[in-house]
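A.B. asks:
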Amino acid sequence: FDMFVLAFVERLFRPTFRKDDFVVGKKLGEGSFGVVYRVSLSKKRSNEDGEYVLKKATEYGAVEIWMNERVRRACGNSCADFVYGFLEKSSKKGPEYWLLWKYEGESTLSGLIQSKEFPYNVETIILGKVQDLPKGLERENKIIQTIMRQLLFALDGLHSTGIVHRDVKPQNIIFSEGSRSFKIIDLGAAADLRVGINYIPKEFLLDPRYAAPEQYIMSTQTPSAPSAPVAAALSPVLWQMNLPDRFDIYSIGLIFLQMAFPSLRSDSNLIQFNRQLKRCEYELTAWRKLVEPRANADLRRGFQLLDLDNGIGWELLTSMVRYKARQRISAKAALAHPYFDRQGLLALSVMQ
Ligand code: ADP
Ligand code: MG
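Residue numbering for the sequence shown follows my numbering, starting at 21 and increasing by one per position.
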């Protein structure tokens, strides 16, 4: 009850917005369920400052607002700062849900890993300065380790709240300039298993580039959504049985792989890798045996990076990218993995 009152009071004192409060700027993205713009506040609200991001969404926007409100209260640091969500009826296209976040910055992990400078570009934005040190595998590993720790930290927040994201990919990871760390965005495909919200919608399409091999997140023995109170009572049990969070872990594992191997950062090469891995029955060690003998310099360097410190990075990677969900490590267990024993970038160890 207290939580309810707190949530209500917090909601009451937060600023509210309407359609004509915004000046719409550059389009940032367009998915099948909505369009995202950078916006600023119009003149009549010019005493308030700040840059925002606005998503105009279809009927699925209602669930996305619900997810964002929940995340905001339960694990606010995991995701972009959600400000407000409302139903906008006056649109010519029919009713739309408008969702508003603080503008976190211009860099997605996708943009950052596509740069030739990766991972040094990330080191610079995390530390806020260019380090005048020799480049090399050890330094790159340290940067990648820092990114992985931040991603797992954010994901653990979501999973501990009972939310599975289901669309974890570099495009949905934003670098927050305010907190100098990565945050997860786009809860449009997320599922809250504790209350049965958005429980395996049939329309939902998984992004094949980053999706784990299992088609359904919950086993097919639990095919329909139980009513909310039943789900709330059952879900800790279902969660233990089906480990739906491990779907996101697989995706994070693929991101780890892309950070270690520059050649796997392009879409076409990632798709080719996925085909190879499938042929290897999702055994990363089998894939390694297949490609390592005829590996080019780039691939060899990736293996070298993961082999540092007695192969502790490779060990972590192989515990994330596995066929069976229950054999994959959880976000919390991954954070305690010896891969993270070494100190990462200094800015992080000061902050966390
Ligand atoms: P969708 O994938 O449904 O189009 P997203 O929520 O992923 O919508 O947002 C699309 C893009 O907009 C992101 O890839 C990112 O570039 C940008 N973006 C989204 N939220 C923010 C934010 N809070 N701050 C800065 N940029 C954002
Ligand atoms: Mg997205």
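Glycine is no exception: its CB is placed at the ideal position from the N, C-alpha and C atoms.
1. Please report the distance separating the alpha-carbon of LYS75 from that of HIS185.
2. Verify the contact flag: ILE205, CB atom, against every heavy atom of ligand 1, threshold strictly below 6 Å.
3. Are the CB atoms of ASN141 and LEU132 within a distance shorter than 7 Å?
4. Less than 6 Å between the CB of GLU124 and some heavy atom of ligand 3, yes or no?
5. Closer than 6 Å by C-beta to ALA354: which residues in its own chain qualify, once you throw out the five before and the five after it? Chain order, please.
6. Assuming contact is defined by CB atoms lying nearer than 7 Å, are GLN151 and GLY364 in contact in what I supplied?
7. Is it right to say SER288 is buried, meaning 16 or more other beta carbons lie within 10 angstroms of its own, or is it exposed?
8. Taking buried to mean at least 16 other C-beta atoms within 10 Å of its own C-beta, is SER111 buried or exposed?
9. Suppose you measure from the CA of TYR72 to the CA of ASP40; what does that come to, to the nearest Å?
10. According to the Cβ coordinates, are ALA77 and TYR117 closer than 7 Å?
11. Give the single residue among VAL188, SER199, GLU197 whose Cα lies nearest to the Cα of ILE205.
12. So, for GLU160: in the same chain, excluding its five sequence neighbours on each side, which residues have a beta-carbon less than 7 Å away from its beta-carbon?
13. Below 8 Å, can you find three or more Cβ-Cβ pairs linking the segment 260 to 278 to the segment 332 to 352?
14. Report yes if the C-beta of LEU48 is less than 6 Å from at least one heavy atom of ligand 1; otherwise report no.
15. What number of angstroms, rounded off, separates the C-alpha of ILE85 from the C-alpha of ARG169?
C.D. replies: With the structure as the only source:
1. Numbered from 1 along the sequence shown, position 55 holds the residue referred to as residue 75. Numbered from 1 along the sequence shown, position 165 holds the residue referred to as residue 185. Going by the C-alpha atoms only, they are around 18 Å apart.
2. Within the sequence shown, numbered from 1, the residue matching residue 205 stands at position 185. Within the cutoff, so yes.
3. To locate residue 132, count along the sequence shown from 1; it is residue 112. To locate residue 141, count along the sequence shown from 1; it is residue 121. Contact: yes.
4. The ligand content of the structure shown is limited to ligand 1 and ligand 2, which means ligand 3 is not among them.
5. Position 334 of the sequence shown, counting from 1, holds the residue named residue 354. LEU172.
6. To locate residue 151, count along the sequence shown from 1; it is residue 131. To locate residue 364, count along the sequence shown from 1; it is residue 344. No.
7. For the purposes of this step, residue 288 is identified with residue 268 of the sequence shown, where counting begins at 1. By the 10 Å Cβ count, SER288 comes out exposed.
8. For the purposes of this step, residue 111 is identified with residue 91 of the sequence shown, where counting begins at 1. The residue in question, SER111, is exposed, as its Cβ has fewer than 16 Cβ neighbours within 10 Å.
9. In the sequence shown, the residue the question calls residue 72 occupies position 52. In the sequence shown, the residue the question calls residue 40 occupies position 20. So the two alpha carbons sit approximately 14 Å from each other.
10. Residue mapping note: residue 77 aligns to position 57 of the sequence shown, counting from 1. Residue mapping note: residue 117 aligns to position 97 of the sequence shown, counting from 1. The answer is yes: Cβ separation under 7 Å.
11. Working through the sequence shown from its first residue, we reach residue 205 at position 185. Minimum Cα distance to ILE205 is reached at VAL188.
12. As a first step, residue 160 must be located in the sequence shown, where it is residue number 140. PRO139, LEU325, listed in sequence order.
13. yes
14. Against the sequence shown, residue 48 aligns to sequence position 28. Under cutoff, so the answer is yes.
15. As a first step, residue 85 is located in the sequence shown; it is residue number 65 there, counting from the start. As a first step, residue 169 is located in the sequence shown; it is residue number 149 there, counting from the start. When rounded, the distance between both Cα atoms is 27 Å.
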